[in-house]
Structures are given as structure tokens and as C-alpha cells.
């Protein structure tokens with residue numbers, strides 16, 4: 018894998034001092050933030066899905082410090098499941114577009130790094146955002162449960178959201194159930 022190859026590079030020494038330790042993937046999180054997570058949140062993009070899937074896999078394989086990247090997962094879950102209207106509310110065009118863009122992105126985090134997220138108790142935001150989650154910011158079992166309930170809600174939005182959105186929500190619920198049952202064992 019590309020990341021493994023970078024980590025195998027010898028340290029960069031300049032004038033007798035170690036300038037870069039490649040195994041630590043210096044400034045990767047900062048570069049990723051500037052170049053990868055700067056995206057249009059209102060437009061669906063296969064490219065963004067691929068990037069999030071890759072990023073989530075880096076976290077799951079522990080090739081990077083997951084805490085450097087999981088703050089973006091929290092933002093993506095917020096966009097997909099907390100910023101949207103409550104179940105039973107009438108959905109407007111913007112709500113439907115928002116779900117079609119953000120649910121597939123959030124699903125990539127669960128499908129590829131769900132166990133890391135489930136076991137994470139980090140608090141990445143200084144304050145809770147406005148939305149359906151009223152508890153403390155960061156990851157928690159209660160928030161995981163809300164995301165799962167919201168993904169189940171999306172599964173029931175046939176003829177409202179794209180079929181692909183329903184499918185990734187279904188895959189996400191299955192993976193979340195699997196992770197939860199593994200924890201119970």
C-alpha cells in the first residue's frame with residue numbers, strides 16, 4: 018500500500034538533524050484537511066466517497082492516528098443524521114439532496130472504520146452543534162445509537178431519496194448491528 022511505502026522511507030536528515038520521520042506520516046492530517054476535506058457538501062461525488070473510504074481504511078488499519086481524522090467523521094455523521102429533519106417531518110428538496118449527498122459519505126466511515134468509531138470516546142468539537150443530538154459532543158454509544166436509528170429511518174424513505182442512498186443506509190445498519198453484537202459477545 019502507498020502509505021506503507023511512505024512509512025518505510027528512511028528519516029530525512031538535514032545538516033545532521035532529523036527533519037522528517039516518515040513512519041509518523043508528518044503533516045498528513047493537515048494536508049488532508051486542506052486538500053481532501055474541503056468539499057462541496059451539497060453535491061454528490063463518487064470521488065468524495067472514494068476519498069472518505071480510503072481515509073476510513075487508513076484509520077481502521079491504524080496506519081494513521083485515527084484521532085487526526087475522526088473529527089471529520091463526526092462532521093459527516095452530523096451532516097447526514099443530525100442536521101436533517103426529525104423522522105415524520107415533511108422533507109423538502111434541500112433535505113432530500115442533503116441526505117443523498119451525506120448518507121453515502123457517513124456510510125463509508127461505518128463500513129470501513131466502524132469498529133474504531135464505535136470504540137472511540139473522543140470529543141472533537143468544543144460545543145454541541147444544533148441538530149437532533151442533544152447530548153455531549155464527540156463519540157458515544159448514545160450518539161452511535163442515534164446514527165443507527167437515523168440510518169434505519171433513511172432505509173424507509175423509498176421513492177423519496179435515491180435507491181443508492183437507501184442501499185448504503187441498509188449496509189450501514191447491518192454493519193452497525195454486527196459491530197454492536199460483536200461488542201455484546
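Residue numbers (our numbering): 18 to 202. Here a beta-carbon is modelled for each residue, glycine too, at the ideal position from N, C-alpha and C. Everything numeric in this text was worked out from a predicted model, so none of it was measured.
Tell me which same chain residues have a C-beta within less than 6 Å of the C-beta of residue i, skipping the five on either side of it?
i	result
residue 188	none
residue 17	What the structure shows of the chain is the stretch from 18 to 202, and residue 17 is not part of that stretch, so it cannot be assessed.
residue 152	159
residue 204	Since the first residue shown for the chain is 18 and the last is 202, residue 204 is missing from the structure and cannot be characterised.
residue 72	86
residue 15	Lying outside 18 to 202, the shown extent of the chain, residue 15 is not represented and no answer is given.
residue 119	96, 97
residue 205	The structure shown has nothing for residue 205, since the chain only spans 18 to 202.
residue 74	129
residue 9	Within the shown structure, residues of the chain are numbered from 18 to 202, placing residue 9 beyond reach of any answer.
residue 94	123, 164
Output needed for residue i: all residues of its chain with C-beta closer than 7 Å, excluding positions within five of it in sequence on either side, in chain order.
i	result
residue 117	61, 178, 179, 182
residue 174	183
residue 143	Reliability of the predicted coordinates at residue 143 is poor, the pLDDT of 46 falling under 50, and the value obtained from them is presented with this limitation in mind. For residue 143, where only same-chain residues beyond five positions count, there are no Cβ hits under 7 Å.
residue 113	177, 178
residue 108	102, 177
If I'm right that residue i touches residue j with Cβ under 8 Å, what's the distance once you round it to whole angstroms?
i	j	result
residue 185	residue 124	4 Å
Determine the burial state of residue i: buried for a count of at least 16 other Cβ atoms within 10 Å of its Cβ, exposed for fewer.
i	result
residue 83	buried
residue 104	exposed
residue 63	exposed
residue 199	exposed
residue 111	exposed
Grab me the residues of residue i's own chain with a C-beta within less than 8 Å of its C-beta, minus the 5 sequence neighbours each way, in chain order.
i	result
residue 190	165, 168, 169, 172
residue 163	98, 99, 149, 150
residue 138	155, 156, 157
residue 192	127, 128, 131
residue 32	none
Start-end ranges of the alpha helix (DSSP H) lying completely within the segment 145-175, minimum 4 residues: 158-172
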